[in-house]
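Chemist: Mind looking over this structure? Questions follow.
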Amino acid sequence: MSDHFSVSDDTCRRIYKCLGQYDQALEYLNLSLEISKKSLHPQHPEIAITLENISLAYERKDEMSEALFYITQAATIFRHSLPPTHSRVIEIEQSIQHISSKQK
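So that you can map any letter, position 89 of the sequence shown is 245 in the working numbering, and since no number is skipped, the others follow by simple counting.
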């Protein structure tokens, strides 16, 4: 049941994001994060991916401090679970720099 819910949750999040309805997307992302934290190891890459998506929604809303907060959490998990040369680690470091440069 939880896997089925997570697929529906992800579909809704994608629809809201495509429509530019970031507040609704954030609702689903936060719900997904809450469920993932209850069912997965705290350093699981799926949690990092959800945190990264939350960061992206905040970035699209031009809320850079929130975006930086969540992308930093995602980076911590990726750094812990992947080698430093892994593409996800490199990409997340670039995202941190990008968001930091956009902060007012």
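Cβ atoms here follow ideal geometry from the backbone N, Cα and C, with glycine treated the same way. Quantities reported herein were computed from a predicted structural model and do not represent experimental measurements.
Applying the criterion that 16 or more other CB atoms from any shown protein chain within 10 Å of the CB defines a buried residue, is I246 buried or exposed?
Modeler: exposed
Chemist: For the region 182 to 233, which segments carrying the alpha helix (DSSP H) assignment without a break, of at least 4 residues, lie completely within its bounds, in sequence order?
Modeler: 201 to 216
Chemist: With a CB to CB cut of under 6 Å and the five nearest residues on each side skipped, what residues in its chain are close to S221?
Modeler: For S221, where only same-chain residues beyond five positions count, there are no Cβ hits under 6 Å.
Chemist: Taking Cβ to Cβ, would you say E208 is nearer than 8 Å to I227?
Modeler: yes
Chemist: What's the call for T206, buried or exposed, on a 16-neighbour Cβ count within 10 Å?
Modeler: buried
Chemist: Closest by CA to K258, which one among K194, S211 and E215?
Modeler: E215
Chemist: At the level of alpha carbons, what is the spacing between E249 and S256?
Modeler: Taking the straight line joining both Cα atoms gives about 11 Å.
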